[in-house]
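A quick write-up on the structure given underneath.
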Amino acid sequence: MNIQENLTIARDDEKSRRMSEGEVYKGIRIYVVTLLVLTVVAWCAVGIGRYTLHGPYPHPSLLAPETPFTDFTYLSARIAHFGEPNMLSRTDFMEPFAYPVPSIYAYLIFIRLFPNPLAAYLAFALLSFFIATYCFSLRVKRIAPGWLPQVAVWSTLLGFPLVILIDRGNIEAVIWVLVLLGIAAYTRNRILTSAILWALATSMKITSGLLFVLFLAKRKYGMFVLAIVATVAFSVLALAGVGPTIRQAASDSSKNAPYLRDTFILARVSPQLDESLFGATKQIIYLYTYAHGGSFLDRSQMSLVFLTALYLYNVLITLACILLYWFRLRRLPLLNQFMAYLVLYILLPQVSYEYKLVYIYFAWGAFLLFLLADAATGRSEIPAWSIHVILFSCAVIFVPLTPFAVATSAGHTFTFGGQVKAVFLIVILLTVLRVPMPSSLFGDLQLPAPRNART
207 MNIQENLTIA RDDEKSRRMS EGEVYKGIRI YVVTLLVLTV VAWCAVGIGR
257 YTLHGPYPHP SLLAPETPFT DFTYLSARIA HFGEPNMLSR TDFMEPFAYP
307 VPSIYAYLIF IRLFPNPLAA YLAFALLSFF IATYCFSLRV KRIAPGWLPQ
357 VAVWSTLLGF PLVILIDRGN IEAVIWVLVL LGIAAYTRNR ILTSAILWAL
407 ATSMKITSGL LFVLFLAKRK YGMFVLAIVA TVAFSVLALA GVGPTIRQAA
457 SDSSKNAPYL RDTFILARVS PQLDESLFGA TKQIIYLYTY AHGGSFLDRS
507 QMSLVFLTAL YLYNVLITLA CILLYWFRLR RLPLLNQFMA YLVLYILLPQ
557 VSYEYKLVYI YFAWGAFLLF LLADAATGRS EIPAWSIHVI LFSCAVIFVP
607 LTPFAVATSA GHTFTFGGQV KAVFLIVILL TVLRVPMPSS LFGDLQLPAP
657 RNART
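Residues in the sequence shown are numbered consecutively from 207, following my numbering.
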């Protein structure tokens, strides 16, 4: 190969790199514009509807101060009686404790250590997300110091999913921190640490266990088993702590399962906030029944239909996930698997409310790092259409769609924000399943050197 051929190849490589970099920044611009414009439109719709047209806000929120922070407020009232007999099964509180028992301790930390538990929790949640955003911002700045990625970072991680999490006062913020620390440990190959952190998170809410499959991707079969054993151990220890015996605590906790099933899973509660596949299934059944003149207001009949759908859903989803993993997911790079599991984290549960979208921050953040560190430098190839599809879908997922609804001539209102987001979650999943993305974040590629500033 002569000098002229070497120069031609070098020019072609540089041209390819510039094209890749241009597509990456074009995708980020589209993302930022879509996110900001849709967010402004949504909040304007909320303000006009509530303060100009004097209509109700579509869900209790910070804009409806009569019912703020309900998740923490209602459940912490019960947890304040920790150590008393039948604390879990008492019926004289606003709501049963329908979460796994280890999550009690996330509440207990704030109740026992602070005179104002709610204020302490809100401060913890806000500070955690701010610190995480700041650290991620620094990581992005080292790779691509321009202003555009920074706008994307700050407008995303402090956006609507965090707002609705704070709005409900949901304890998911504690689990989010555990998952985040586990991800940081995993990407640094501290597998034992990540296994323990993810096991603790899974003991509080079972869907975090999807991340255990990442141990199989690294052939860390022992860590996969350890994570499961640790989850069980944390659960047993939590039951022993609640007492008076492990068996009694388990029995008391199981008494709350019918409430969770009947109230949140089978009832069509706040569909505009539910991004789960089963939530979409319930919405389809409900709309079909309404369109065909059925007695859609008969709760007992609809619950029976939903219960049948739930049984089928559990069987079909389990089978589909096994087949998906065996025939596709396990063959993909770690970034693809990571993003897919986080999307499934939202889609698969029988109910998955808006605040759980904070976990998609991780998938979005990992994809952004991949774009800036690997795709923009030409070290990893990815079709331009997939960049735009994933980023545009993330923008729609992160904006508040709860104000949007369709009113019928009969006076019924159908909200559909959650189902729209479910569609875009599926779009991300299908794209990730189709386009391999070897990345430096998960060690498929070596880390690149920092690049010059770009706006």
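Each residue gets a CB set at the ideal place from its N, CA and C atoms; glycine is no exception.
For clarity, every value in this text was computed on a predicted model and none was experimentally measured.
Per DSSP, Phe620 is one residue of the beta strand (DSSP E) stretching across 619-621. Annotated as distal: Trp382 and Tyr494, with beta-carbon spacing of 8 Å or more. Residue pairing by DSSP places Ala611 opposite Thr621 in a beta bridge.
Looking at the DSSP output, Asp480 shares a beta bridge with Tyr559. Under the DSSP assignment, Gly388 falls in the alpha helix (DSSP H) whose first and last residues are 378-393. A contact between stretches requires three or more CB pairs, one per stretch, nearer than 8 Å, and the segment 625-644 meets this requirement with the segment 600-614. At the C-beta level, Ala423 and Gln543 come within 8 Å of one another.
Here the alpha carbons of Gly253 and Phe648 stand approximately 43 Å from one another.
The C-beta of Ile402 has 16 or more other C-beta atoms within 10 Å across all chains shown, which makes the residue buried.
Looking at the backbone, the Cα of Pro323 and that of Leu294 are separated by about 19 Å.
Our two residues, Leu607 and Gln454, have alpha carbons roughly 43 Å apart in a direct line. Residues Pro306, Val307, Pro308, Ser409 of the same chain have their beta carbon placed closer than 8 Å to that of Ser441, with the five preceding and five following residues left out of the count.
Taking a 10 Å sphere around the C-beta of Glu560, we find 16 or more other C-beta atoms and assign the residue as buried.
According to the DSSP assignment, Tyr313 belongs to the alpha helix (DSSP H) that extends over 310-319.
In its chain, beyond the 5 residues on either side, no residue has a beta carbon closer than 6 Å to the beta carbon of Thr469. When rounded, the separation of the alpha-carbon atoms in Ile552 and Ala546 is 10 Å. Counting the other CB atoms within 10 Å of its CB gives Glu290 a total below 16, which places it among the exposed residues. In terms of Cα proximity to Lys562, the closest of Pro367, Arg284, Ile315 is Pro367.
Between Ala286 and Leu578, the C-beta gap is not smaller than 8 Å, which leaves the two residues out of contact.
The three-state secondary structure of Gly289, taken from DSSP, is coil.
Around Ile588, the same chain offers Ala581, Val641, Met643 as residues with beta carbons nearer than 7 Å, after the five sequence neighbours per side are excluded. Less than 8 Å divides the Cβ of Arg284 from the Cβ of Phe299.
Straight-line measurement puts the Cα of Thr339 at about 21 Å from the Cα of Ala325. In this structure, Val243 lies away from Val357, with their beta-carbon atoms at least 8 Å apart.
The beta carbons of Ala391 and Phe330 sit no closer together than 8 Å.
By the 16-neighbour rule on beta-carbons within 10 angstroms, Tyr567 is buried. Ser482 sits close to Val557, with the two beta carbons spaced by under 8 Å.
Rounded to the nearest whole angstrom, the CA to CA distance from His594 to Gly352 is 20 Å. Going by DSSP, Ser441 is part of the alpha helix (DSSP H) stretching over 427-448.
Contact check for Pro321 and Ile234: beta-carbon distance about 44 Å, past the 8 Å limit, so the pair fails to qualify. The C-beta separation of Ile491 from Val521 comes to about 17 Å, leaving the pair out of contact by the 8 Å criterion. For Ile397, the enclosing alpha helix (DSSP H) covers residues 397-410. If you ignore the 5 residues before and after Phe421, its C-beta comes within less than 6 Å of the C-beta of Met429, Phe430, all in its own chain and listed in chain order. Check the Cα spacing between Val369 and each of Thr245, Thr524, Leu281: the tightest is with Thr245.
Setting aside the 5 residues that flank it on each side, Glu227 is surrounded in the same chain by Ala582, each with a C-beta closer than 7 Å to its C-beta; the list follows chain order.
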